[in-house]
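**Q**
Chains as they are written, first to last, in our numbering: chain E, 104 to 216; chain P, 6 to 118.
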């Protein structure tokens, strides 16, 4: 049981480049989330998907787009990366029967130069 | 929007000392959660609390759901080096397991040699 898998683990982009962060969960969870973590800022919600086919903005959505490809996969896209998007990105999922929290992936460390 | 005020922001303690941290809000929560994030990893659930006044232990960790439902605390007894990391409180306002969770900004625990 892998839980939440994020790829890649590390990425360096040049300003203006685009990329997609991938996330997949194998726990049959309904809801999936994308967070960014910056020093001193905690976890800030970028986008979330309460169920397959729906997505909603979180606290800091500007500069990002998401796709809930199916129940397992939720991707985050940076169309034109900016240095302010240098951060650690976490995907999470919830909604199973085991407990009421989120299960997080191990993160993607993104640097935009 | 709703906020969780987590304190302290950071702690420097000696190995073997007890640790106490807390989370407060002006909103009433139905679920309180405590997560730990090890360096380079995603947050992992430590303790989940579902009822006001509930006191739950997980090894050397003890957490309580405040009686007013607006706060929670986490205690760690006899700290050891592997306790180093960031501790996040989190709360769920709604009663549905798919309702979003709000995270505090974290308490960073350092253990002095």
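Ideal Cβ positions, reconstructed from N, Cα and C, are used throughout, including at glycine.
1. So residue 209(E) contacts chain P; which residues on that side make the cut at Cβ distance below 9 Å?
2. Could you compute how far the alpha carbon of residue 236(E) sits from the alpha carbon of residue 32(P)?
3. Just checking: is the beta-carbon of residue 135(E) within a distance shorter than 8 Å of some beta-carbon in chain P?
4. For residue 193(E) and chain P, any beta-carbon pair shorter than 8 Å?
5. Alpha carbons only, please: which of 113(E), 105(E) and 122(E) is nearest the one belonging to residue 185(E)?
6. Measure the beta-carbon distance from residue 109(P) to residue 161(E) and round it to whole angstroms, keeping in mind my assumption that it falls under 8 Å.
7. Rounded to a whole number of angstroms, what is the C-alpha to C-alpha distance between residue 201(E) and residue 53(P)?
8. So if I threshold CB-CB distances at 9 Å, which residues from the region 147 to 160 of chain E count as touching chain P?
9. So residue 41(P) contacts chain E; which residues on that side make the cut at Cβ distance below 8 Å?
10. On the criterion of 16 or more Cβ atoms from any shown chain inside 10 Å, does residue 115(P) qualify as buried, or is it exposed?
11. Looking at residue 107(P) and residue 96(P), is the spacing between their C-beta atoms short of 8 Å?
12. In this structure, how does DSSP classify residue 76(P) when only helix, strand and coil are distinguished?
13. Taking only the alpha-carbon atoms, compute the straight-line gap between residue 85(P) and residue 9(P) and give it to the nearest angstrom.
14. Would you say residue 22(P) faces chain E, with C-beta separation under 8 Å as the test?
15. Under the three-state reduction of DSSP, which class applies to residue 129(E): helix, strand or coil?
16. What's the gap between the Cα of residue 176(E) and the Cα of residue 129(E)?
17. Please classify residue 120(E): does DSSP put it in a helix, a strand, or coil?
18. Between residue 76(P) and the rest of its own chain, which residues show a CB-CB distance below 8 Å, the 5 nearest in sequence each way excluded?
19. Less than 8 Å between the beta carbons of residue 211(E) and residue 148(E), yes or no?
20. Would residue 74(E) pass as an interface residue toward chain P - the criterion being a Cβ-Cβ separation below 8 Å?
**A** Judging by the given coordinates:
1. The residue you call residue 209(E) lines up with position 106 of the first chain. The answer, in chain order, is 45, 46 and 47.
2. Look at the range of chain E in this structure, 104 to 216, and you will see that residue 236(E) is not part of it.
3. Stepping through the first chain from its first residue, residue 135(E) is reached at position 32. Not a single C-beta of chain P is nearer than 8 Å to the C-beta of residue 135(E).
4. On the first chain, residue 193(E) is found 90 positions in, with the first residue counted as 1. Any Cβ of chain P closer than 8 Å to the Cβ of residue 193(E) would place that residue at the interface, and such an atom is present.
5. As a working note, residue 185(E) is residue 82 in the first chain. The residue among 113(E), 105(E) and 122(E) with its C-alpha nearest the C-alpha of residue 185(E) is 122(E).
6. As a first step, residue 109(P) must be located in the second chain, where it is residue number 104. As a first step, residue 161(E) must be located in the first chain, where it is residue number 58. The distance from the Cβ of residue 109(P) to that of residue 161(E) is about 16 Å, inconsistent with a contact at the 8 Å cut-off.
7. What you label residue 201(E) is simply residue 98 of the first chain in a count that begins at 1. What you label residue 53(P) is simply residue 48 of the second chain in a count that begins at 1. Low local confidence applies: a pLDDT of 49 at residue 201(E) is under 50, so the model's placement there is unreliable, and no value is given.
8. Answer in chain order: 147, 148, 151, 153 and 154.
9. Numbered from 1 along the second chain, position 36 holds the residue referred to as residue 41(P). Annotation: residue 41(P) has no Cβ neighbours in chain E at a cutoff of 8 Å; minimum Cβ distance is about 11 Å.
10. By 1-based counting over the second chain, the position of residue 115(P) is 110. By the neighbour-count rule (16 or more Cβ atoms within 10 Å), residue 115(P) is not buried but exposed.
11. For the purposes of this step, residue 96(P) is taken as residue 91 along the second chain, with counting starting at 1. For the purposes of this step, residue 107(P) is taken as residue 102 along the second chain, with counting starting at 1. A contact, by the Cβ cut-off of 8 Å.
12. Position 71 of the second chain, counted from the first residue, corresponds to residue 76(P). If DSSP states are grouped into helix, strand and coil, residue 76(P) belongs with the strands.
13. Taking the first residue of the second chain as 1, we reach residue 85(P) at position 80. Taking the first residue of the second chain as 1, we reach residue 9(P) at position 4. Each residue's Cα considered, the two are about 27 Å apart.
14. The sequence position of residue 22(P) within the second chain is 17, counting from 1. Not a single CB atom of chain E sits nearer than 8 Å to the CB of residue 22(P).
15. Numbered from 1 along the first chain, position 26 holds the residue referred to as residue 129(E). Assigned with DSSP and collapsed to three states, residue 129(E) falls in coil, not helix or strand.
16. Numbered from 1 along the first chain, position 73 holds the residue referred to as residue 176(E). Numbered from 1 along the first chain, position 26 holds the residue referred to as residue 129(E). Computed Cα separation, rounded: 9 Å.
17. Taking the first chain and counting its residues from 1, the one referred to as residue 120(E) is at position 17. If DSSP states are grouped into helix, strand and coil, residue 120(E) belongs with coil.
18. Taking the second chain and counting its residues from 1, one reaches residue 76(P) at position 71. Answer for residue 76(P): 27, 28, 29 and 30, listed in chain order.
19. Numbered from 1 along the first chain, position 108 holds the residue referred to as residue 211(E). Numbered from 1 along the first chain, position 45 holds the residue referred to as residue 148(E). Contact check for residue 211(E) against residue 148(E) fails: the beta carbons are separated by 8 Å or more.
20. Outside the modelled stretch of chain E, which goes from 104 to 216, sits residue 74(E), for which no answer is possible.
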